[in-house]
């Protein structure tokens, strides 16, 4: 058996991989309204997604999360961009932003919050996770499925997000 040559140094910056999935149907996007007791972004609209599990690639993880959280399938799901999010001194999140159009199947009730098709021109800004409108705009401005955006989020001492896109 060949030993894995990859090494992780414990004192280096490390990230937890997650997916954010935005599925579009005509001029609407599927958003989930977080339950009031949800740990992250309670009561706010957000895309679907979650953690990438051991043994999964990002596309497999996104398809699994989409099916688990909504009951639908999206054949053209693809990577649109990445966002590195600083959480602690040596730990962050690497968010893989996935998008697709015209999903198939019937939306099923989710235990994480109700799902809604929301007009991309009428997203309730005060009721949505703050970066979702900007991410949707970036996706809609893409010319094809090979364009990618890359962002970085950090937070100042007051909890304000500092955003950069390369």
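Residue numbers (my numbering): 359 to 524.
Glycine included, C-beta positions come from ideal geometry on N, C-alpha and C.
Source: prediction; values computed, not measured.
Which of the three DSSP states, helix, strand or coil, is assigned to residue 363?
-> coil
Selected residue, minimal CA-CA separation from residue 458, among 381, 372, 367 | 381
Got a sec? Which residues, its chain only, sit under 7 Å from residue 429 by beta carbon, not counting five neighbours each side?
-> 463, 464, 465, 466
Since residue 408 and residue 385 are thought to touch, with beta carbons under 8 Å apart, how far apart are those beta carbons, to the nearest angstrom?
-> With a Cβ gap of about 26 Å, residue 408 and residue 385 do not count as contacting.
Whole-angstrom C-beta distance between residue 388 and residue 416, which should lie under 8 Å = At roughly 19 Å, the Cβ-Cβ gap does not stay under 8 Å, so residue 416 and residue 388 are not in contact.
List the endpoints of the continuous beta strand (DSSP E) containing residue 441.
-> 436 to 446
Helix, strand or coil: how does DSSP classify residue 462 here?
-> strand
Any idea which residues DSSP pairs residue 406 with across the strands?
-> 379
Tell me where the alpha helix (DSSP H) around residue 389 begins and ends.
-> No alpha helix (DSSP H) contains residue 389, which is instead part of the beta strand (DSSP E) from 386 to 391.
Which word fits residue 405, buried or exposed, when buried means at least 16 other C-beta atoms lie within 10 angstroms of its C-beta?
-> buried
For residue 487, which of helix, strand or coil comes out of DSSP?
-> coil
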